[in-house]
Every structure is written in C-alpha cells, then in structure tokens.
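In our numbering, the protein residues as written are 1207 to 1342. Just so you know, even glycine gets a beta-carbon here, dropped at the ideal spot from N, CA and C. Just so you know, these numbers come straight off a predicted model, no measurement behind them. Heads up: the structure comes next, in structure tokens.
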C-alpha cells in the first residue's frame, strides 16, 4: 500500500446534509474512494460531534431543514479554524455570500461527484501540507 492509499483510508469525513438519499449516495461514493464517512442529518450539536468524531474534513450543506449551513460554518471556523470545510449545495447563489468565503471549497450538488471528490482530495492534501510545514 503506498502512502497516498494509506492517507486516504485514514481520512475521516463528516457529512452534514438533511436529505437522506444524498447522505446514502455520498457515503457509498466516498467510501469506495477509501474514506471513512460519518453523516449527520442536522446541524444539532455539530461542534460536539466534531469533537467526538474528529474528522479530517467536513462536507456541509447550506440549506438544512433546521439550521443555516453558513451560520454553522462560522461556528466551525470559530472553534476549528484549520478544519477543512467544503460547502456542498444545490444553490450557486450562496457563492456570493461573504460568509461562504470561510469555506475551503464550494461545490454544487450533482449526481456526478467528480468535482466533490476533487475538492475532497485537494482539501486533504492542502491540510496535510499545512501540518507538515507548520504554517497556517
């Protein structure tokens, strides 16, 4: 097993989306890539769950039934400022919202997960580089 395969297998992703079929689909696709994926259907107690699971990356929907994903993003940044976050939404209009700039990547939901998978890999590689060099 090469170092990239080992790194991907150990990568933990926390997926926050209120749509069950999206969670199932993304878990299936990302698990096939070797990621460990835990899902949440709500933003309820998100920070506590981040502390318990200690993900390497969060994929966060913006339009959650019970929470505003952009507000959750701000909370994540306040407590875990170096944790990579990918906003994954069906709406491109939020890309112009200044709060979206706190995310590492902004991906439009699609059944073709090519863009999401690329963003996941780039976020993981960038975070590893930061940890290796010690620069933030």
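A distance below 7 angstroms between beta-carbons, with the five flanking residues on each side excluded, links residue 1280 to the following residues of its chain, in chain order: 1305 and 1308.
DSSP places residue 1293 in the strand class (E or B) of the three-state scheme. It is roughly 10 angstroms from the alpha-carbon of residue 1219 to the alpha-carbon of residue 1330. Of the residues assessed, residue 1320 falls on the exposed side of the cut-off, its CB having fewer than 16 other CB atoms within 10 angstroms. Runs of the alpha helix (DSSP H) spanning 4 or more residues and lying entirely within the stretch 1237-1312 occur at 1252-1259 and 1275-1285, in chain order. Boundaries of the alpha helix (DSSP H) around residue 1327: 1320-1339. In this structure, the alpha-carbon of residue 1334 lies about 15 angstroms from that of residue 1264.
Residue 1234 and residue 1325 have their C-alpha atoms roughly 17 angstroms apart. Of 1257, 1272 and 1317, the smallest CA-CA separation from residue 1247 is found for 1272.
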